[in-house]
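Counted from 1, the sequence shown has number 261 at position 262 by numbering that gives the first Met the number 0; the numbering is strictly sequential. Ideal Cβ placement from N, Cα and C applies to all residues, glycine included.
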Amino acid sequence: MQSRRGKQEREKTMHALVFYEHGGPEQLRYAGVPEPVAGPGEALVQVKAAALNHLDLWVRQGIPGLRLAMPHIGGSDVAGVVAAVGEDVDEAWVGRRVIINPSLGCGRCEYCRAGQQCLCAGFHVFGEHVPGGLAEYAVAPAANLYAIPDDFGFAEAAAVPLVYQTAWRALMTQARLRAGERVLILGAGGGVASAAIQIARLAGAYVYAATSTPAKERRALELGADETINYREVDFSKEIWRRTGKRGVDVVLENVGPATWAGSMRALCRGGRLVTFGATTGRFAETDLNLLFWNQVSLIGSTMATYAEFEAVMGLVFSRRLRPIVDRVMPLRDGAEAQRLLGAGEQFGKLVLEP
Ligand code: ZN
């Protein structure tokens, strides 16, 4: 099959939100850069909306061991229209409305061949290790395209891929959350947490959502949380202890890290599971080993998801059983301001940028 966008064509330029050096939001530039070209097995997507994640802030700030080609284009969550495909890709994709699954497995390691999550050094995240979607166009493997319904808006769709797969794998696969169990979800205004509240509710669990303001508590209740806790006003682990009759919860979903780790450990029941997918307040936390062994607690890590998990949760979102939460939509050229807002944690749900 012929490439629709050969190298012989004059190089085109596009607008993108880029940084040339790591640092704060002031490093971001809305600049003209070369439009990417779909290689074999890849598709070129005209970006209609791209959602921000905390990951974008980490990548911009610089992650130890992560070496990027500069300038870097962040953005792991994209919704758009397939503009062109490279060799070996079905032309029927062109013109279709899609999201991109940002989990880029190597496709070759023992885990990938077994249909599991890629766990080798070849695992990449779209927008983290390779250029992402904070641009007018983005290139991704065609295997990572996922068609979306015509009646689903691009901004809503862009809010979905990373957070829903992360919440799904963490709660359902890794922590094995079951109907009737109690789960505590921290930082309910976060993208993964707002997905997790809905997933836990759908799974038949009883949901405690901890967050920082009365407005966020109301939003968490609207999403299906059974009870909320304002962790600025009370010690959330004592509150869980009190409200569960000194039993604790079966599962805690963590991404805060040192600021909440000890409390999360104390909030667990005997045999409880703490599942973490992030460390927003730092990489190192102290674990009370007496609590760990005496209460027979499991500490579980989770990141992104397998393709099968991705498809399972996307099916629930795009059949409208789970709802993407968009805080606001802003122009891509205001991406630095959007990243400042996300860094301050003032949003509830996703910040979406439109090129
Ligand atoms: Zn692999």
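Based on the DSSP output, what are the partners of residue 14 in its beta bridges?
Bridge pairing for residue 14: 31 [DSSP].
For ligand 1, is there a heavy atom less than 8 Å away from the beta-carbon of residue 118?
The beta carbon of residue 118 sits closer than 8 Å to at least one heavy atom of ligand 1.
Could you name each continuous beta strand (DSSP E) segment of 3 residues or more that falls completely within the segment 139–208, going from the start of the chain to the end?
Correct list: 144–146, 181–185.
Quick one: what does DSSP say residue 309 is sitting in, helix, strand or coil?
Under the three-state reduction of DSSP output, residue 309 falls in the helix class.
Measuring straight from C-alpha to C-alpha, what distance separates residue 12 and residue 33?
Taking the straight line from one Cα to the other gives about 4 Å.
Taking the CB atoms as reference points, tell me whether residue 42 and residue 192 lie closer together than 9 Å.
In this structure, residue 192 does not lie closer than 9 Å to residue 42 by Cβ.
I'd like to confirm the pairing. Which residues does DSSP put opposite residue 329 in its beta bridges?
BP columns for residue 329 point to 352.
Take the Cβ of residue 163 as the centre, count every other Cβ of all protein chains shown within 10 Å, and call the residue buried at 16 or more, exposed below.
By the neighbour-count definition (other C-beta atoms within 10 Å, threshold 16), residue 163 is a buried residue.
How many angstroms separate the CA atom of residue 350 from the CA atom of residue 172?
Between the alpha carbons of residue 350 and residue 172 lies a distance of about 27 Å.
Excluding the 5 residues preceding and the 5 following residue 28 in the sequence, name in chain order all residues of the same chain whose CB lies nearer than 6 Å to its CB.
Closer than 6 Å at the Cβ level, and outside the excluded window around residue 28, lie 17.
Backbone CA spacing between residue 159 and residue 344 [nearest angstrom]:
So the two alpha carbons sit approximately 19 Å from each other.
Spatially closest choice to residue 336 from 352, 321, 324, by CA coordinates:
Closest by alpha carbon: 352.
From 101, 207, 115, residue whose alpha carbon lies closest to that of residue 107
Checked all of 101, 207, 115; the closest Cα to residue 107 is 115.
With distances taken Cα to Cα, identify the nearest neighbour of residue 93 among 153, 156, 45, 117.
Nearest option by C-alpha distance: 45.
Residue 107 beta carbon near ligand 1 (any heavy atom closer than 8 Å):
Checking every heavy atom of ligand 1 against the Cβ of residue 107, one is found closer than 8 Å.
How would you write the range of the beta strand (DSSP E) that residue 430 sits in, first residue to last?
No answer is possible for residue 430: the residues shown for the chain start at 0 and end at 354.
With DSSP collapsed to three states, give me the class of residue 66.
Of the three classes helix, strand and coil, the one that applies to residue 66 here is coil, per DSSP.
Rounded straight-line distance, which links the Cα of residue 258 to that of residue 271
Each residue's alpha carbon lies about 20 Å from the other.
To the nearest angstrom, how far is the alpha carbon of residue 298 from that of residue 248?
If I take the Cα positions, the gap works out to 14 Å.
Alpha-carbon to alpha-carbon, residue 292 and residue 98
The straight-line gap separating the alpha-carbon atoms of residue 98 and residue 292 is approximately 43 Å.
Here's the rule I'm using: 16 or more other beta-carbon atoms within 10 Å means buried, otherwise exposed. How should residue 87 be labelled?
With fewer than 16 other Cβ atoms inside 10 Å of its own Cβ, residue 87 counts as exposed.
Note the first and the last residue of the continuous beta strand (DSSP E) segment covering residue 300.
DSSP places residue 300 in the uninterrupted beta strand (DSSP E) bounded by 297–300.
Proximity test, residue 122 beta-carbon vs ligand 1 heavy atom, cut-off 8 Å
Yes, the beta carbon of residue 122 sits closer than 8 Å to at least one heavy atom of ligand 1.
Alpha carbon of residue 331 to alpha carbon of residue 112, nearest angstrom:
Distance between the alpha carbons of residue 331 and residue 112: 38 Å.
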